[in-house]
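A.B. asks: Here's a structure for you.
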Amino acid sequence: EIRYFTVEEANALLPELEPLVGRALELRARASHSARQLGEMLGDLHSDVGGPQASRLVGDFAEIESLVDQITSRGCVIKSLEAGLLDFLCERDGRDVYLCWRYGEPSIRYYHELHSGYQGRQAL
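If you count the sequence shown from 1, position 102 lands on 597 in this note's numbering, and the numbers rise without skipping.
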């Protein structure tokens, strides 16, 4: 379902979204590290790849999936989980654009054309 946001509506969601994105970033970093370690273990025929580290990795992926669902259920688009980038569809000057927010920014201050992405961000 497509949802359009005003800048005010998107900013009002940030207090809900910021902790979800922060947790997803934390889990993603941990899962990436664990996956590298498990990759090394797969090369060792004597290692236990079904142990607690693999179980934690599966749990991390499940929690990341839940967080992604919670974030997107509010109507925004995750552009990059790795970078903590969210977009909010908005009508500006009679055309569709994305309001753009990056984890750690205090508010939404930028927008970009639908196909230009983060590199094409312009100040509101």
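Backbone N, C-alpha and C define an ideal beta-carbon position, used for all residues, glycine too.
Taking contact to mean at least 3 C-beta pairs separated by less than 8 Å, is the segment 507-525 in contact with the segment 606-618?
C.D. replies: Result no; under three Cβ-Cβ pairs closer than 8 Å.
A.B. asks: On the premise that R523 lies in contact with L576, defined as a C-beta separation below 8 Å, what is that separation, rounded to the nearest angstrom?
C.D. replies: With 8 Å as the limit, L576 and R523 qualify as a contact, their Cβ atoms being about 6 Å apart.
A.B. asks: Since V645 and L581 should fall inside the 8 Å C-beta cutoff, what is the C-beta to C-beta distance between them, to a whole number of angstroms?
C.D. replies: The chain is shown only over 496 to 619; residue 645 falls outside these bounds and no answer can be derived.
A.B. asks: Can you tell me whether A505 is buried or exposed, with buried defined as 16 or more other CB within 10 angstroms of its CB?
C.D. replies: Flag for A505 reads buried.
A.B. asks: Would you say A526 faces chain B, with C-beta separation under 8 Å as the test?
C.D. replies: No chain B is part of this structure, which consists of one protein chain only.
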